[in-house]
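Engineer: Here's a structure for you.
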Amino acid sequence: MKWTIEMSKEELTRKTEVERALDQRITQKEAAKRIGVSERQFRRIMRRYKQEGDGGLVSRKRGKASNRKTKAELLDEVREFVNEPIMQGFKPTMMSEKLEMIKGIRLSKETVRRLMIDSGVWKAKTKRKEEPHYSRPRRKSRGELVQVDGSEHAWLEDRGPKATLLVFVDDATSEILAAEFVPEACFFSYGTLCKRYFQDHGLPKAFYSDRFSVFRDNSKGNRNYEPITQFQRALTVLDIELICAKSPQAKGRVERANETLQDRLVKEMRLLSICDYEQANQYLPEFILAYNKKFAVMPGSEIDFHRPLDKTIDLDFLFSIHDFRTITKTLLIHFAGKVYQIVTSHPAYFYAKQEVLITCDPSDAIIAWFDGKQLNLKELENRPKQGAVVSTKSTRAKPLPPAYDHPWRTYGKKLNGKPVLTTFSTD
Numbered sequence: 008m009k010w011t012i013e014m015s016k017e018e019l020t021r022k023t024e025v026e027r028a029l030d031q032r033i034t035q036k037e038a039a040k041r042i043g044v045s046e047r048q049f050r051r052i053m054r055r056y057k058q059e060g061d062g063g064l065v066s067r068k069r070g071k072a073s074n075r076k077t078k079a080e081l082l083d084e085v086r087e088f089v090n091e092p093i094m095q096g097f098k099p100t101m102m103s104e105k106l107e108m109i110k111g112i113r114l115s116k117e118t119v120r121r122l123m124i125d126s127g128v129w130k131a132k133t134k135r136k137e138e139p140h141y142s143r144p145r146r147k148s149r150g151e152l153v154q155v156d157g158s159e160h161a162w163l164e165d166r167g168p169k170a171t172l173l174v175f176v177d178d179a180t181s182e183i184l185a186a187e188f189v190p191e192a193c194f195f196s197y198g199t200l201c202k203r204y205f206q207d208h209g210l211p212k213a214f215y216s217d218r219f220s221v222f223r224d225n226s227k228g229n230r231n232y233e234p235i236t237q238f239q240r241a242l243t244v245l246d247i248e249l250i251c252a253k254s255p256q257a258k259g260r261v262e263r264a265n266e267t268l269q270d271r272l273v274k275e276m277r278l279l280s281i282c283d284y285e286q287a288n289q290y291l292p293e294f295i296l297a298y299n300k301k302f303a304v305m306p307g308s309e310i311d312f313h314r315p316l317d318k319t320i321d322l323d324f325l326f327s328i329h330d331f332r333t334i335t336k337t338l339l340i341h342f343a344g345k346v347y348q349i350v351t352s353h354p355a356y357f358y359a360k361q362e363v364l365i366t367c368d369p370s371d372a373i374i375a376w377f378d379g380k381q382l383n384l385k386e387l388e389n390r391p392k393q394g395a396v397v398s399t400k401s402t403r404a405k406p407l408p409p410a411y412d413h414p415w416r417t418y419g420k421k422l423n424g425k426p427v428l429t430t431f432s433t434d
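So this is what it looks like as structure tokens:
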């Protein structure tokens, strides 16, 4: 009766060295050293080879189940867990964490990944060739550079509308220093988060942001100077440098944090049945504490670049919109389409033709400042103008726009020699 013995490369090497030792071409000590075992173990191998031949060199574990194999009942329980509707969309790493937290079952993320693939809730990904982006070294100290960004996302999934999460991430430690859900990213929303951040941690050395209009004036014009935004003005007063990145990869730490938050934070709020952004903002401090404990790293230096906030600085005034207007002869101020009368006991010439500072806070409250003092304003009623009836031949008449399918709209627009109908949205 014939049979076939399957041997690995390591086992074939052992066979060669054993035969050389048996033929006394090398010593047992030399042969043991070549195959990486002790002399005593080598003598056991030789004895087994003499008794069983080539089969004595084959591993006894081949074809047998591992002693550490996970039990079938446990695997069935895990498959049932990963298929629960509430766990939909969880990635293998977070799924393994929740499996241990909720079920008390501790498995490696690769085992969970394999079970998720077998169950059809996770699809194996193939690596794609990507353009390398060389990472910039971290700053050494905490507060030396803080990356800021806003991420618009369906944070509550189908339980609520989309919102924007503003995030401040320290470059040296990847620690989330401040975060808040807001309806949209604007000057006032960033200003509110900055005020809370400055009061909790102090003033950083620099902010690192994208080229969003809050941080930088992106209007194209032939100017000899670059206009500053309201946010730049506020940071300049606080002696905080603002650096605007030219690509998302340049501020990769906050972009990576956003990616993690869009995965983990969404799932955590789903498990807690959070259905509005007021509850989400109340939960954020607890989540950030756990996030920093898991993902933050130690800084290269123990020096903290945060400066204490001067209590004499009025942050509410600083993060209001600032603009300038000239007072008319009749003590009127025109701002944002409204007219305000200055109520004062001073004679008119005292204020006429003078420039005043106008501030507008998030509640749209308008305040005028003259020589560092607040003026008493009274808003005048602004009545709409009556619609004048004009002749159709008048130069002031506004013609009605043509219909959406009027030939005029396709004039000069052709594709492959044929006119193309261009439609316009009326929204």
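Each residue of the sequence shown is one higher than the one before, starting from 8 at the first, in my numbering.
Cβ coordinates follow ideal geometry from the N, Cα and C atoms, glycine included.
1. Identify, in the order they occur along the chain, each residue of the same chain with its Cβ nearer than 6 angstroms to the Cβ of T333, setting aside the five sequence neighbours on each side.
2. Measuring CA to CA, which of N299, R69, L279 and E46 is closest to A179?
3. Would you call the CB atoms of A170 and F195 closer than 8 angstroms?
4. Would you call the region 120-135 and the region 241-248 in contact, with 3 or more CB pairs under 8 angstroms?
5. Please go through the same chain and pick out, in chain order, the residues whose beta-carbon is closer than 6 angstroms to the beta-carbon of S432, but skip the five residues on each side of it.
6. So what does DSSP say about F431, is it helix, strand or coil?
7. Find the nearest neighbour of F342 within the set A359, H313 and L384, judged by alpha-carbon distance.
8. May I ask you to report which of helix, strand or coil DSSP gives R75?
9. How should K57 be labelled, buried or exposed, when 16 other C-beta atoms within 10 angstroms of its C-beta is the threshold for buried?
10. Let me check understanding here. Comparing Cα to Cα, which of R41, E87 and V155 lies closest to M123?
11. State the beta-bridge partners of G157 as determined by DSSP.
12. Does the region 205-217 come close enough to the region 310-320 that 3 or more CB-CB pairs lie under 8 angstroms?
13. Could you tell me the alpha carbon to alpha carbon distance between K274 and K22, rounded to whole angstroms?
14. If we call anything under 8 angstroms between Cβ atoms a contact, is F219 one with A252?
15. From L184 to K76, what distance separates their C-alpha atoms?
16. Could you have a look at Y204 and say whether DSSP puts it in helix, strand or coil?
17. Which residues in the same chain have their Cβ closer than 7 angstroms to the Cβ of K116, if we skip the five residues on either side of it in sequence?
18. Could you pull out every residue in the same chain whose Cβ sits closer than 6 angstroms to the Cβ of Q239, ignoring the five residues on either side in sequence?
19. Using 8 angstroms as the cut-off, can you tell me whether the region 340-359 makes contact with the region 272-290, which would need three or more C-beta pairs spanning the two stretches below that distance?
20. What's the C-alpha gap between R166 and A186?
21. What is the DSSP secondary structure of D178, reduced to helix, strand or coil?
22. Give the list of continuous beta strand (DSSP E) stretches no shorter than 3 residues that lie fully inside the region 221-254.
23. Would you report the Cα separation of G62 and I12, rounded to the nearest angstrom?
24. By the 10 Å Cβ neighbour count, where 16 or more other Cβ atoms means buried, how is Y232 classified, buried or exposed?
25. Do you know how far the Cα of I281 is from the Cα of S226?
26. Look at I328 and T366 and say whether their C-beta atoms are less than 8 angstroms apart.
Structural biologist: On the basis of the data shown:
1. Taking the first residue of the sequence shown as position 1, residue 333 is located at position 326. If we look at T333 and ignore the five residues flanking it on each side, its Cβ neighbours are E362.
2. The count along the sequence shown starts at 1 and reaches residue 179 at position 172. Closest by alpha carbon: N299.
3. In the sequence shown, residue 170 corresponds to position 163, counting from 1. In the sequence shown, residue 195 corresponds to position 188, counting from 1. No, they are not a contact pair.
4. no
5. Looking up residue 432 in the sequence shown gives position 425. Unreliable positioning characterises S432 in this predicted model, as indicated by a pLDDT of 43, which lies under 50. A coordinate reading is not provided.
6. To locate residue 431, count along the sequence shown from 1; it is residue 424. Model confidence at F431 stands at a pLDDT of 42, short of 50, so the residue's coordinates are unreliable; what they give is reported in the following sentence. In this structure, F431 counts as coil in the three-state DSSP scheme.
7. Residue numbering aside, residue 342 sits at position 335 when the sequence shown is read from its first letter. Among A359, H313 and L384, the Cα nearest to that of F342 belongs to L384.
8. Residue numbering aside, residue 75 sits at position 68 when the sequence shown is read from its first letter. Three-state DSSP puts R75 in coil, outside helix and strand.
9. Walking along the sequence shown from the start, residue 57 turns up at place 50. With fewer than 16 Cβ atoms within 10 Å of its Cβ, K57 is classed as exposed.
10. Here residue 123 is taken as the residue at index 116 of the sequence shown, counted from 1. Among R41, E87 and V155, the Cα nearest to that of M123 belongs to E87.
11. Walking along the sequence shown from the start, residue 157 turns up at place 150. BP columns for G157 point to L173.
12. yes
13. Numbered from 1 along the sequence shown, position 267 holds the residue referred to as residue 274. Numbered from 1 along the sequence shown, position 15 holds the residue referred to as residue 22. Spanning the two alpha carbons is a distance of roughly 56 angstroms.
14. For the purposes of this step, residue 219 is identified with residue 212 of the sequence shown, where counting begins at 1. For the purposes of this step, residue 252 is identified with residue 245 of the sequence shown, where counting begins at 1. Against a cut-off of 8 angstroms, the Cβ pair of A252 and F219 comes out as no contact.
15. As a first step, residue 184 is located in the sequence shown; it is residue number 177 there, counting from the start. As a first step, residue 76 is located in the sequence shown; it is residue number 69 there, counting from the start. Rounded to the nearest angstrom, the two C-alpha atoms are 43 angstroms apart.
16. Position 197 of the sequence shown, counted from the first residue, corresponds to residue 204. Y204 falls in the helix class under three-state DSSP.
17. Against the sequence shown, residue 116 aligns to sequence position 109. P99, T100 and S103.
18. Counting from 1 along the sequence shown, the entry for residue 239 is found at position 232. Within the same chain, Q239 has close Cβ partners L249.
19. no
20. The sequence position of residue 166 within the sequence shown is 159, counting from 1. The sequence position of residue 186 within the sequence shown is 179, counting from 1. One C-alpha to the other measures close to 21 angstroms.
21. Walking along the sequence shown from the start, residue 178 turns up at place 171. Looking at D178 - three-state DSSP - the assignment turns out to be coil, as it is neither helix nor strand.
22. 248-251
23. Here residue 62 is taken as the residue at index 55 of the sequence shown, counted from 1. Here residue 12 is taken as the residue at index 5 of the sequence shown, counted from 1. Between G62 and I12, the C-alpha separation is close to 7 angstroms.
24. Working through the sequence shown from its first residue, we reach residue 232 at position 225. Classification of Y232: exposed, given that the 10 Å Cβ count is below 16.
25. Here residue 226 corresponds to residue number 219 of the sequence shown, with the count starting at 1. Here residue 281 corresponds to residue number 274 of the sequence shown, with the count starting at 1. Cα to Cα, the separation comes out at about 40 angstroms.
26. One-based indexing of the sequence shown puts residue 328 at position 321. One-based indexing of the sequence shown puts residue 366 at position 359. The answer is yes: Cβ separation under 8 angstroms.
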